[in-house]
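Numbering (the working numbering), first residue to last: -4 to 530.
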């Protein structure tokens, strides 16, 4: 049966308009280059003894996974990423299973993390101006923004803007990616400037004068709250794998856009590996600069107090409507009294975060498109209906899903905690991807041998893609073990189990329904999944 008779049309309708540099910027900024300014609070708070600067080295574990994505994306350069690779290697139900888990996780972040830039980029930057100037009006404005209804309306407006950006097409998404990377580096430059101009002595003096607490008293209170002054390997490992490596998720999304990337071999290599190098550089710089200005033990003391004894937080840091994470966008009140620098630093977090959330939502659009192109969901979702060559209904579905997650994140704290465990589903998907990589040269030998020579390399007679598949499997199992101890020991909440279970079961039900429906219509899905989709 000819390809055009198997698939819904002869071509996808997507065009190759993304350059190598575009793909690099997209992958680099996608997971949120400045989320590190939040994780420097959370990780040492929950894993005392961790050091975030050293923890960046654990990102090296992600390189084999990036390598597997490179091999697959060059062998099957189509939009849809792991869905295409797994459905053509193992089984379409497993491809949908893995792709659905990753897509829903990314969309949960696209919605819920809108709240981050509102709380910590906008409100806390404004609060910092009020603290350093002694102007209560700025603090009142920050408290107003922190109200749930205000955050929900701002987040909704941001998602509408995100949808408009998606309608502009892939090139528009790539353009704003440059802005996210630029503002992340600007934030690092601001911290570097403040380290030189203010330094730790200046920070200590400003903190004692403005915070309503004493620097040395915070160190003592931090010890009492459980802070560890020093480095312990096991907490460091847990913190790094849970938070720093979590911060790389979405970095492989150029593979989900492979059908729109020019020179896919070189472009994907630059994007998948270059982005990890850039992320490591920015995160190491950000962590070490914050530690240098604030003091490592002091930062970890604030973290421990926030997590375990928030009544001892300095009065200036206490929020009226939200939890009072001592993020650097707030601590900048004691780094400088210049409101321009304070607000600019907050703007850096806003831009880098909002664009990253758009990036996290952009790849799932291509996944929905790929599912639809294979008839697993209504073909309406793969229609290219705008002059920017964008799938309108897939975009609508993604934005609606993100809006639901935004609402849940703000108004349903119990469900918000459940979303944290979506990472469990993500790494289950990567376990399946690793297995696909191991067996691909043997199970789909004709596709493997038809690929570019670079993808057929062997080491000691073993295909490199199989080796990378094994490493992906090993890293994913290790990560599941490290980050999901409460989940596997029965200590998680019921809604957390239900959330992950739903993410894993729903795609299997979708496939079963599609299979039964198309079988009744005489449409040969089996033949379809034996071929790579057309460009």
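Glycine residues also receive a C-beta, built at the ideal position from the N, C-alpha and C atoms.
Taking 8 Å as the upper bound for CB-CB distance, residue 53 and residue 239 are in contact here, some 6 Å apart. Closest in C-alpha terms to residue 227, from the list 447, 468, 50 and 264, comes 50. Out of 118, 145, 191 and 349, the CA that lies nearest to the CA of residue 132 is found in 118. The alpha carbon of residue 311 has as its nearest neighbour, out of 456, 386, 295 and 129, the alpha carbon of 129. Take the alpha-carbon of residue 43 and the one of residue 327: they are about 23 Å apart.
Using a 10 angstroms sphere on the CB of residue 156, the tally of other CB atoms stays under 16, which defines it as exposed. Beta-bridge partners of residue 453 (DSSP): 458.
Beta-carbon to beta-carbon, residue 145 and residue 28 are separated by about 26 Å, too far to satisfy the 8 Å threshold. As for any beta strand (DSSP E) of minimum length 3 sitting wholly inside the stretch 200 to 231, there is none.
Secondary structure note for residue 506: its alpha helix (DSSP H) is the uninterrupted segment 489 to 515. As the crow flies, the alpha-carbon of residue 286 is around 12 Å from that of residue 189. Collapsing the DSSP output to three states places residue 426 in a helix.
In this structure, the alpha-carbon of residue 437 lies about 26 Å from that of residue 510.
With 16 or more other Cβ atoms from the protein chains shown falling within 10 Å of its own Cβ, residue 462 counts as buried. Secondary structure at residue 379: coil, using DSSP grouped into helix, strand and coil. The beta-carbon separation of residue 64 and residue 250, rounded to 4 Å, stays under the 8 Å limit for a contact.
The C-alpha of residue 517 is placed about 56 Å away from the C-alpha of residue 230. At a cut-off of 4 residues, the continuous stretches assigned as alpha helix (DSSP H) that sit fully inside the stretch 338 to 406 are 387 to 406.
Our two residues, residue 339 and residue 187, have alpha carbons roughly 14 Å apart in a direct line. When the five nearest sequence neighbours on each side are left out, the beta carbons in the same chain lying within less than 6 Å of the beta carbon of residue 307 are those of 216 and 300, in order along the chain. Going by C-alpha positions, residue 368 is about 14 Å away from residue 385.
Excluding five sequence positions before and after residue 174, the CB atoms of its chain that fall closer than 7 Å to its own CB belong to 346 and 350, given in chain order.
Counting of Cβ neighbours within 10 angstroms places residue 526 among the exposed residues, the total staying below 16. Straight-line measurement puts the Cα of residue 58 at about 21 Å from the Cα of residue 448. The closest CA to that of residue 25, considering only 35, 68, 89 and 266, is found on 266.
Residue 256 carries a strand assignment under DSSP once its states are collapsed to helix, strand and coil.
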